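Numbering (this note's numbering), first residue to last: 118 to 506.
Every residue, glycine too, gets a C-beta built ideally from N, C-alpha and C.
These numbers come from a predicted model, not from an experiment.
Have a look at the structure below before the remarks.
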């Protein structure tokens, strides 16, 4: 049964008006929740929505296996019979148990520029979290490390990536007014695509192959990827284990993301690196930018959204760096050079002009350093906030 919290919002000369905070229960409410930011920011040139289909599935206990160990709730803020905000709360019980924390996460926060709306939305998640024994709230951060996270605090004028969040500047102002402070920042960079493979990269790749016997493997059929994908995700888990908010991806969650992405990956930009024992030690994924194609469809796959996405995989000038994961025991041996050597060649073949790194932790010196020879420009910053409750 839907629980509606009626809150007296403000008083006008003509009478008292009300705001309702409604928990999302029905399929209709879930769709309204998903569509709200797409309507609110449709006129904003920099805004790119998430895929609505994926957003509906992520909270579905029968479709997203992260719900096996996460608990979640969604709320809508309604004023004068009009939706004016949304927010979701998540408790990742496995993460809390592993790190001995009592954290409730907030995610999918969107609202009009009204501090009272933001206050009531945040209070709803805080109240829910406290009822479950939580003592701290952080966000925006999702179910897993592969979910959208980080509130944009710099670079509002730039188009967001297919996998990132866009929000206006007043979001930051509202949260800080409510006592939230910075927990961690991510940096995003734009990198001009080289016209030739740098000699340093070629030399590094050659030395790595000769010294360690590593082999770079690419596949021509998507079904061939599947024979090594679990091994590659194990590398992903080990490579990013110590990063902020990270919890290892389970096999069920791996299957969820594989199913979500397999139809969109472009095989020219998927790499496996094997050691001399034919064991996966590196895994890289880049993607042609799907942002503009998805924006034109406003996050919908039908009737033309899927066609636009598939067309964007054939004609593109921007590449998104999703991740390059290297087994910790083989980091610093040149695996990155092997992937970058072929990646640059592929980009030149397709006429790529630039690459976007995606969010990278500000304090992750290793990942920041790896791009220094490519003249990166930091153009966005996003933040995860925290507050004791």
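Query	Result
With DSSP as the reference, identify every bridge partner of residue 332, one or two as the case may be.	391
Here's a check: name, in chain order, each residue in its chain whose Cβ is nearer than 8 Å to the Cβ of residue 298, leaving out the five neighbours to either side.	502, 503, 504
At the level of alpha carbons, what is the spacing between residue 420 and residue 251?	43 Å
Whose CA, out of 379, 194, 186, 272, lies closest to the CA of residue 136?	194
Do residue 437 and residue 473 have their beta-carbon atoms positioned less than 8 Å apart in this structure?	yes
Identify every residue that forms a DSSP beta bridge with residue 303.	478, 499
Report, in whole angstroms, the separation of the C-beta atoms of residue 150 and residue 207, which I expect to be a contact under 8 Å.	Their Cβ separation, rounded to whole angstroms, is 14 Å, which puts residue 150 and residue 207 out of contact at 8 Å.
Tell me which residues share the same chain as residue 286 and place their Cβ nearer than 7 Å to its Cβ, disregarding the 5 neighbours each side in the sequence.	273
Within the same chain, show all residues whose beta-carbon is closer than 8 Å to that of residue 375, passing over the 5 residues directly before and after it, in chain order.	343, 346
Counting only runs of 3+ residues fully inside the region 394-463, write out the beta strand (DSSP E) ranges in chain order.	397-405, 435-443
Going straight from the alpha carbon of residue 431 to that of residue 196, what length do you get?	44 Å
Per DSSP, what kind of secondary structure is residue 288 in: helix, strand or coil?	helix
Between the alpha carbons of residue 237 and residue 230, how many angstroms are there, rounded?	13 Å
Out of curiosity, what's the CA-to-CA distance linking residue 453 and residue 484?	11 Å
Here's the rule I'm using: 16 or more other beta-carbon atoms within 10 Å means buried, otherwise exposed. How should residue 232 be labelled?	exposed
Using a Cβ cut-off of 8 Å (strictly closer), state whether residue 404 contacts chain B.	Looking at the structure shown, chain B is missing, and only one protein chain is on hand.
With which residues is residue 224 paired in a DSSP beta bridge?	205
What are the partner residues of residue 199, as DSSP defines its beta bridges?	196
Counting C-beta neighbours from all protein chains within 10 Å, is the total for residue 494 16 or more, i.e. buried, or is it exposed?	exposed
From residue 240 to residue 417, what distance separates their C-alpha atoms?	31 Å
Can you check which of these residues, 300, 296, 256, 290, is closest to residue 282 by C-alpha distance?	256
How many angstroms separate the CA atom of residue 168 from the CA atom of residue 409?	12 Å
Which two residues bound the contiguous alpha helix (DSSP H) that contains residue 147?	144-157
Round the Cβ separation of residue 254 and residue 221 to the nearest angstrom and send it over; I've been treating them as touching at under 8 Å.	5 Å
Could you tell me whether the Cβ atoms of residue 435 and residue 402 are closer together than 8 Å?	no
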